[in-house]
Structure formats: structure tokens, C-alpha cells
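Numbering (mature numbering (1 follows the signal peptide of the UniProt record, and there is no 0)), first residue to last: -19 to -1, 1 to 528.
Shown next, in C-alpha cells, is the structure this report addresses.
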């Protein structure tokens, strides 16, 4: 039966693959972008017309889940496995530690390289950078332009961290293995230019895989946390609160980048045979680690928590007419579960490649395009470093462990304030570069239909609240279909169901691969030893041990 199932999957995928060449694959990731940080989900303050045009002419992944922190989430996207099964759960990597995705794990870049793809990466890595062998160019990417760690200054490209009890700063921007001291500009624009150049110079007879991982809208260094070009900030004067206004400008630049990528693909003649995906790595940190004025409203919780606000994210998938013919699937809101670990098998299915054994991810391509029920019935968020976890089984979710109460509230309503009249959303859609490009290749577009976003908007409904805060000895149970905002605890009403979910969670927790020790900032990584860069400090000879 397994062989027959695999044959059916490959046959179905083959029907969607161009006879001339495998489809190009462009994956775009945002960083710390919350549920309410796109107009797709109803925001009137933070507008994302290019993303919305793609989403509403592709498929909105309404129940997309990820991990609650950067490095774990990126691990899942790259490996097709839950972070806890490869030892990458817990605190995101700093620039001063040697952890990383284990070298024996294969990444999506390696699978696609084996399938004949030219593989390129632009942007944030954040899954290992102490050794050369951990870097993108040693793990299936031909080239990598970007940052290896978690955050940077958007103009100076440096990061400040604590080392030996004091702040230290180093350059983070690299072109392959070389520090880049000459590039100038706003980092979102820099990444866009590098990505469009890759597309413009690509030989279209070969399939391209481009992973573009933006920093936006992650915060920067502590003293300059939110950064955007002044003219873009002024253009967001309809946003009431000033930090949210800067945040909206950061997202606007991210959305512009998406439009530029789409336009470049269209001009190059590649768009018709391209798959484009967009996702965020985790929920917004309205408060706490890396607070950036992002919002998960009305979901509960923030980044670093197993609540819906920490792990339910923005995501979409779009395909050109040569990849997925017809328009019946376009504009759908897919209500089935999907997890970040599903990207590897989903994209392999889409291009007609064999799905590797041993993945936690599930191939979703045919289910999404054909709007069939999701095969993913379970979702896990397991973090033995912070000692909390959750399991979603069907429509019910159980949360247990110790969670900082400040990360467990419903934030973001105060960030929705508007001054005067917001920009004309429909006109923003029509004026976007994505609209122009899709119109050029014959994709039907209707601004009135696209502006009707009710299916993609979450409301808390008429649930009668029953508060619950889990602990090491207790748990909370929710019906997240009826109660997506996790307001009413059902653990006392449904004790047997709670025990079933608890048992299933304990089964999965048995698969935990322990982290390689607790976080330790290695003094050998100090930028002063490497010409004031955060380099691969265990592979590069230090320049000097002097100040």
C-alpha cells in the first residue's frame, strides 16, 4: 500500500510539473511578523498589497503553524523535521555559540540541488555559524549573501551582544565566506536587489531555487530597535502609535520587496513556471524577547510562547499557470492544518520528486491545490529548554508547562489605532507591482473580491471565558476551532480528552534530542579577534587577541 500511495503522489505531482523544466521555487520568509501584521488578515494600519495580491490569487494557508522562536522555526523549514527531534529547540542561536542543525541532517537546498536546481540564498540563516561546515554554502546552497545570526542594524549591518559581561559589536554581513564592508543601503532593499539580480542573471533552462529570508520586521540592536527610511515612516501617518508607524514602514518595505521579486520573474519570463511561498518564522513579539510592536491580535500570546499567537503564522502559496493550470484553486483560503516542517515534502511533491523517509513533515501540495482535507491531524510545540509544550489533535489543543504570564496575554488591540482615513486599500492593490505582473501573464484579478477578506480573519466569537494558566503539574485544553483565541479552558469539562492529548504529547516528548548543553557565550567568538566581524570563529584564524 505504501508503494501504491507513493506512486499516486508522484503521478499527481507530475501532472503539475512543466514538461520543459521543473518549476522554479522562490521561498520568502519574514521575521517576527504577527498574525495582525498583514492586510490579508484584516489590518487597516499595516498594508501589504503585493503579498495580498499573491495570496488572493494563490492560496492563503489559514491554519499554518510554526515553532515559537527563530532558530527552531527555520530548522523545521529547512529540514522537514520538528526542531525538538534534531536538538534545535529552545533559545535562538546567538553569534557567540557553536550549536547548529546537525550536519547529518539534509536540508531542502540539498534535496533540490540533487534534483537539478541552482540553489541560491539571500538573507538571514540563524541555524549554525561557528564552523564553515554549518554555513549555507556547505549545505546545498551555491551562494549565500546575508547574515548568519539572528538580528542586525538595518543600515550598519552589525549586531551587539553581551560577551564576558559587556557589550561587543561586530559586522554580520557576508558574501559567501567574506565579510562585506562595502555594501550600503537599507538591508531590506539590499536583499531585494541581490535577489532580483540572481533572477535576472539566471539561465531559465535550469530550475532555480531561491530562499529569501528577510530580517523585517525583526528588531535591530537595542538602541535602534525599529528602523525604516524616514520617507516611508512619514507615509504611514495614518498609524496612530509611533513605534507601530515605524513597524508599518518596515513591513511596507518587505511588501515592496515581494512586488519587485514578482515583477522581475515576470520580466524574465519565469513567473508562469514558478512556485512562490511566503511565511513568517514565528509570531510577533509584542512584548518580551525582541519586542517590535508587531501584533498577533486577536490571538493569545506572543513569540516564545506555545499559545496561538506564538505559533500560528502568516503563510501562502502561489503557483504560475504552467505549474498548476486553471483558476479554480486560486483565491482559496485553505483551512487545513500545515506546519513549517511540511514545506520540504510539499515542495518536493510539487516538483515531482520522491519524499524522503523519516521526515516529520507531510506532503501537502495536492491537498492544498485541490482543497482536500489536510492529512496533518497533529501539531506539536515542544521546548524542554523553556519547559512548556503543546499538542493540537483535531480541533483540540492542550498546553502544559510553565509559561511567563507576560507572554500569555491578548496583545495588539491598542496597535490598531488609525488617524483620519487610512489609504484606499483597493487602489493599493491595483497599484502594486504584483498586480501589474499577474495581469500581464493573464491571471484574473478583482480588487473587490480581494478586499473581501472575511474568510482569512480570525474572531474570538461568543466564547464564555474560563481563564487558565498551565504549570508543571497542570494543563489547559481548548477547542481552537470554536475558540481560536484560547479563552475558555475545557480541561475540567473534558478530562478524558485531556488525558488522551497529554498521553500523545508525552509520546512525542520521548523523541526529544537534547540540546547541546545550555546556552553559553563563547569568549573565543569575540569580534575583536576577527577584524570586528561575527565570523565562523571555530574555522577562521583569529587576527589578534589585543583590544
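Note that beta-carbon positions come from the ideal geometry of N, C-alpha and C, so glycine has one too.
Element boundaries [beta strand (DSSP E), containing residue i]
{"i": "residue 260", "result": "255 to 261"}
{"i": "residue 299", "result": "296 to 300"}
{"i": "residue 139", "result": "139 to 144"}
{"i": "residue 456", "result": "456 to 460"}
{"i": "residue 148", "result": "147 to 152"}
{"i": "residue 175", "result": "Looking at the DSSP string, residue 175 is not in any beta strand (DSSP E); the run it does join, the alpha helix (DSSP H), is 168 to 181."}
{"i": "residue 345", "result": "No beta strand (DSSP E) holds residue 345; DSSP gives it neither H nor E."}
{"i": "residue 100", "result": "99 to 105"}
{"i": "residue 372", "result": "369 to 374"}
{"i": "residue 191", "result": "189 to 194"}
{"i": "residue 429", "result": "Premise fails: residue 429 lies in the alpha helix (DSSP H), 428 to 432, not in any beta strand (DSSP E)."}
Within 7 Å, strictly: CB atoms of residue i and residue j
{"i": "residue 90", "j": "residue 122", "result": "yes"}
{"i": "residue 392", "j": "residue 255", "result": "no"}
{"i": "residue 244", "j": "residue 414", "result": "yes"}
{"i": "residue 13", "j": "residue 275", "result": "yes"}
{"i": "residue 376", "j": "residue 462", "result": "yes"}
{"i": "residue 188", "j": "residue 207", "result": "no"}
{"i": "residue 196", "j": "residue 313", "result": "no"}
{"i": "residue 149", "j": "residue 508", "result": "yes"}
{"i": "residue 467", "j": "residue 281", "result": "yes"}
{"i": "residue 428", "j": "residue 407", "result": "yes"}
{"i": "residue 471", "j": "residue 483", "result": "no"}
{"i": "residue 350", "j": "residue 321", "result": "no"}
{"i": "residue 514", "j": "residue 152", "result": "yes"}
{"i": "residue 38", "j": "residue 28", "result": "no"}
{"i": "residue 109", "j": "residue 81", "result": "yes"}
{"i": "residue 502", "j": "residue 144", "result": "yes"}
{"i": "residue 329", "j": "residue 336", "result": "yes"}
{"i": "residue 431", "j": "residue 258", "result": "no"}
C-alpha distance - residue i paired with residue j, whole-angstrom precision
{"i": "residue 453", "j": "residue 287", "result": "14 Å"}
{"i": "residue 345", "j": "residue 355", "result": "7 Å"}
{"i": "residue 416", "j": "residue 34", "result": "6 Å"}
{"i": "residue -9", "j": "residue 357", "result": "Because the pLDDT of residue -9 is 40, which lies under 50, any placement of that residue in the model is unreliable, and the question is left without a value."}
{"i": "residue 298", "j": "residue 485", "result": "30 Å"}
{"i": "residue 437", "j": "residue 23", "result": "8 Å"}
{"i": "residue 111", "j": "residue 233", "result": "33 Å"}
{"i": "residue 113", "j": "residue 520", "result": "6 Å"}
{"i": "residue 359", "j": "residue 70", "result": "18 Å"}
{"i": "residue 524", "j": "residue 504", "result": "15 Å"}
{"i": "residue 396", "j": "residue 30", "result": "20 Å"}
{"i": "residue 174", "j": "residue 61", "result": "29 Å"}
{"i": "residue 264", "j": "residue 54", "result": "11 Å"}
{"i": "residue 209", "j": "residue 362", "result": "33 Å"}
{"i": "residue -6", "j": "residue 332", "result": "Residue placement at residue -6 is flagged as unreliable, the pLDDT there being 42, under the threshold of 50; the coordinate-derived value follows with that caveat. C-alpha separation (whole angstroms): 7 Å."}
{"i": "residue 405", "j": "residue 192", "result": "32 Å"}
{"i": "residue 115", "j": "residue 41", "result": "33 Å"}
{"i": "residue 235", "j": "residue 45", "result": "20 Å"}
{"i": "residue 126", "j": "residue 154", "result": "8 Å"}
{"i": "residue 67", "j": "residue 489", "result": "13 Å"}
{"i": "residue 450", "j": "residue 77", "result": "34 Å"}
{"i": "residue 200", "j": "residue 422", "result": "37 Å"}
{"i": "residue 353", "j": "residue 460", "result": "22 Å"}
{"i": "residue 166", "j": "residue 26", "result": "26 Å"}
{"i": "residue 481", "j": "residue 180", "result": "50 Å"}
Simplified DSSP state of residue i, which is helix, strand or coil
{"i": "residue -5", "result": "Confidence is the limiting factor: at residue -5 the pLDDT is only 40, short of 50, which leaves the residue's position unreliable and the question unanswerable from this model."}
{"i": "residue 268", "result": "coil"}
{"i": "residue 400", "result": "coil"}
{"i": "residue 364", "result": "strand"}
{"i": "residue -13", "result": "Because residue -13 carries a pLDDT of 40, less than 50, the predicted location of this residue cannot be relied on, and no value is offered for it."}
{"i": "residue 359", "result": "strand"}
{"i": "residue 409", "result": "helix"}
{"i": "residue 473", "result": "coil"}
{"i": "residue 160", "result": "strand"}
{"i": "residue 252", "result": "helix"}
{"i": "residue 236", "result": "helix"}
{"i": "residue 528", "result": "Any reading at residue 528 must be qualified, since the residue scores a pLDDT of 46, below 50, and its modelled position is unreliable; no value is offered."}
{"i": "residue -18", "result": "Because the pLDDT of residue -18 is 35, which lies under 50, any placement of that residue in the model is unreliable, and the question is left without a value."}
{"i": "residue 506", "result": "helix"}
{"i": "residue 379", "result": "strand"}
{"i": "residue 46", "result": "strand"}
Element boundaries [alpha helix (DSSP H), containing residue i]
{"i": "residue 484", "result": "476 to 490"}
{"i": "residue 7", "result": "First-last for residue 7: 5 to 11, but that is the beta strand (DSSP E), not the alpha helix (DSSP H)."}
{"i": "residue 34", "result": "30 to 37"}
{"i": "residue 291", "result": "289 to 292"}
{"i": "residue 93", "result": "89 to 95"}
{"i": "residue 313", "result": "Looking at the DSSP string, residue 313 is not in any alpha helix (DSSP H); the run it does join, the beta strand (DSSP E), is 313 to 320."}
{"i": "residue 325", "result": "324 to 331"}
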